[in-house]
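Asker: Quick note, the working numbering runs 733 ahead of the 1-based positions in the sequence shown. Yeah, the Cβ is synthetic: ideal placement off N, Cα and C, and Gly gets one too. Predicted model only: the values in this text are computed from it and were never measured. One structure, pasted below without further comment.
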Amino acid sequence: MEILSKVHATNLVKWAKDKPQVLVLSADLTSSTEVDDFQKAYPDRFFSFGLAEANMMSAAGGLAREGFLPFIHTFAVFIYRRAFDQLIDSVAYPNLPVRMVGFLPGIVTPGGITHQAIEDVALLRSVPNMTIVEVADATEIESILTGTENIRGPIYYRMLRGEVSRLFAKDEPFKLNTARILSTGNDITLLSSGICTEEAMRATTILKQRGVAIQHLHISTHKPFDDPSVIQACSEARLGVITMENHTIIGGLGSATAELIATNGLGKSLQRIGLKDTFAHGASKPYLMREYEMDALALVQTVEKMVGHDLDINEIDLQSVRLQAVHSAAKAEAL
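Below you can see the structure in the form of structure tokens.
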């Protein structure tokens, strides 16, 4: 598996080269959100607001009104927990093209509840005019800015930083509201997003070998969420549907899928893998995914419940988890 470093930093500088309207706004987390390279490349298009996320959000709305394309960069929790009022009034209500790049989605950080964005999709999915996308690998990071370039309103990106795997081919870029079909089968439909897609891929091969036909779709667009291929896949699931997300199971991919199943009258059972109405504490990503039953083994156990028997799969049978150093040259600091 190819592992790349600081993919967003490299892509943003390249993508914005011939786009003088693109501005980057930071809130004292410049290197931590990989925009120090942008600052060096285009110092006249970079603005640091200090620890003032609400002010930064309002300023972004004003800049968008004047024809600029502002990209807010901070940790995801600070976008919606600290600046939600300004996000609604200054950005979403006037439907302005402000790009909000949120790092540390879900439990990718050992920073605990103050830094873990576990309910961001739930809140922002309810906001009119909002588009929500989430990357899972280097290919999506490299293509997501181009793939969302023509959206006129606000966009929220659940972004990954540091060392990132390449799960998808470079010539298969991100496409808005279009799921990636990673495997086919009509026993169970599995919808995964973000880091949970790599975790799900650890298990799907061995599940297939055990005779379970899984249709695995990777979801990179949380809103809008009406891709016909997702509806079709859910309708074909003989035993039911599983969602797997780096987020609380309330209000995110699991809830959106439940709405889709009900709205289309599909009548399928649904099992949701994610944080189960709880906060997570601070620890490494693999530990937290195991502790809160969000990893490949949790998927295996969920599938076993749906098929009604033990599949005799243990951790040794699964593809090895990719371990990342908490401190590395690819990240400015641990949080």
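Return the first residue and the last residue of the beta strand (DSSP E) that H980 is part of.
Answerer: Here the question's residue 980 lines up with position 247 in the sequence shown. 973-981 is the extent of the beta strand (DSSP E) around H980.
Asker: Quick check: P957 and N883, are their CB atoms within less than 8 Å of each other?
Answerer: Position 224 of the sequence shown holds residue 957. Position 150 of the sequence shown holds residue 883. It is not a contact, given that the beta carbons lie outside the stated cut-off.
Asker: Who are the Cβ neighbours of D770 in its own chain at under 6 Å, not counting the five residues just before and after it?
Answerer: Position 37 of the sequence shown, counting from 1, holds the residue named residue 770. Cβ within range, chain order: A742, V746.
Asker: Start and end of the alpha helix (DSSP H) containing F958?
Answerer: By one-based count along the sequence shown, residue 958 stands at place 225. It is not in any alpha helix (DSSP H) - F958 carries neither H nor E in the DSSP assignment.
Asker: Report the rounded CA-to-CA distance for S926 versus L829, giving the unit in angstroms.
Answerer: As a working mapping, residue 926 is identified with position 193 in the sequence shown. As a working mapping, residue 829 is identified with position 96 in the sequence shown. Approximately 26 Å between the Cα atoms of the pair.
Asker: Return yes when the Cβ of R943 is within less than 8 Å of the Cβ of L1030, no when it is not.
Answerer: Start at 1 with the first residue of the sequence shown, and residue 1030 comes out as number 297. Start at 1 with the first residue of the sequence shown, and residue 943 comes out as number 210. No, the Cβ-Cβ distance between L1030 and R943 is not below 8 Å.
Asker: Could you give the first and the last residue of the continuous alpha helix (DSSP H) run that contains H741?
Answerer: If you number the sequence shown from 1, residue 741 lands on position 8. 740-748 is the extent of the alpha helix (DSSP H) around H741.
Asker: Tell me, which residues are paired with L1030 by DSSP?
Answerer: Taking the sequence shown and counting its residues from 1, one reaches residue 1030 at position 297. DSSP output for L1030 lists no bridge partner at all.
Asker: For R798, which residues from the same chain have a beta carbon less than 7 Å from its beta carbon, with the 5 sequence-adjacent residues on both sides left out?
Answerer: Residue numbering aside, residue 798 sits at position 65 when the sequence shown is read from its first letter. So the qualifying residues of the chain are L829.
Asker: Report the start-end ranges of each alpha helix (DSSP H) in the stretch 876-928 that is 4 residues or longer and not cut off at the edges.
Answerer: As far as the stretch 876-928 is concerned, it has no whole alpha helix (DSSP H) run of at least 4 residues.
Asker: Mind reading off the beta-carbon distance from G844 to N979? Whole number of angstroms is fine, and I expect it under 8 Å.
Answerer: If you number the sequence shown from 1, residue 844 lands on position 111. If you number the sequence shown from 1, residue 979 lands on position 246. That pair is no contact at about 15 Å.
Asker: On a Cα-Cα basis, can you pick out the residue from E735, P753, H806 that is closest to S759?
Answerer: Along the sequence shown, one-based indexing puts residue 759 at 26. The candidate whose alpha carbon is nearest that of S759 is H806.
Asker: Near D853, what residues of its chain come up, given a Cβ to Cβ distance below 8 Å and the 5 sequence neighbours on each side ignored?
Answerer: Locating residue 853 in the sequence shown gives position 120, where the first residue counts as 1. A809, V810, I812, Y813, G835, P838, Y889, R891, H980, listed in sequence order.
Asker: Mind checking who V866 pairs with in its DSSP beta bridge?
Answerer: Within the sequence shown, numbered from 1, the residue matching residue 866 stands at position 133. V866 is bridged to Y890, T954.
Asker: From W748 to F804, what distance separates their C-alpha atoms?
Answerer: Here residue 748 refers to the residue found at position 15 when the sequence shown is read from its first residue. Here residue 804 refers to the residue found at position 71 when the sequence shown is read from its first residue. Taking the straight line from one Cα to the other gives about 13 Å.
Asker: Can you give me the C-alpha to C-alpha distance between L857 and I982, rounded to a whole angstrom?
Answerer: For the purposes of this step, residue 857 is taken as residue 124 along the sequence shown, with counting starting at 1. For the purposes of this step, residue 982 is taken as residue 249 along the sequence shown, with counting starting at 1. L857 and I982: Cα-Cα distance of roughly 15 Å.
Asker: Under 8 Å between the Cβ atoms of H949 and T937?
Answerer: Looking up residue 949 in the sequence shown gives position 216. Looking up residue 937 in the sequence shown gives position 204. For H949 and T937, yes; Cβs fall inside 8 Å.
Asker: Sorted by chain position, which residues of the same chain lie with C-beta nearer than 8 Å to S876's C-beta, five sequence neighbours on each side aside?
Answerer: Taking the first residue of the sequence shown as position 1, residue 876 is located at position 143. For S876, where only same-chain residues beyond five positions count, the Cβ hits under 8 Å are P906, F907.
Asker: Looking at the secondary structure, which residues open and close the alpha helix (DSSP H) in which G794 lies?
Answerer: On the sequence shown, position 61 is the one that residue 794 refers to. Counting along the chain, the alpha helix (DSSP H) containing G794 begins and ends at 786-798.
Asker: With 16 other CB atoms within 10 Å as the buried threshold, where does F901 fall?
Answerer: Against the sequence shown, residue 901 aligns to sequence position 168. F901 comes out buried.
Asker: Should A869 be labelled buried (16 or more other beta-carbon atoms within 10 Å of its own) or exposed?
Answerer: Here residue 869 refers to the residue found at position 136 of the sequence shown. By the 10 Å Cβ count, A869 comes out buried.
Asker: Hey, could you find the ends of the beta strand (DSSP E) I805 is sitting in?
Answerer: Reading the sequence shown from its first residue, position 72 is the one you call residue 805. Here the beta strand (DSSP E) through I805 covers 802-808.
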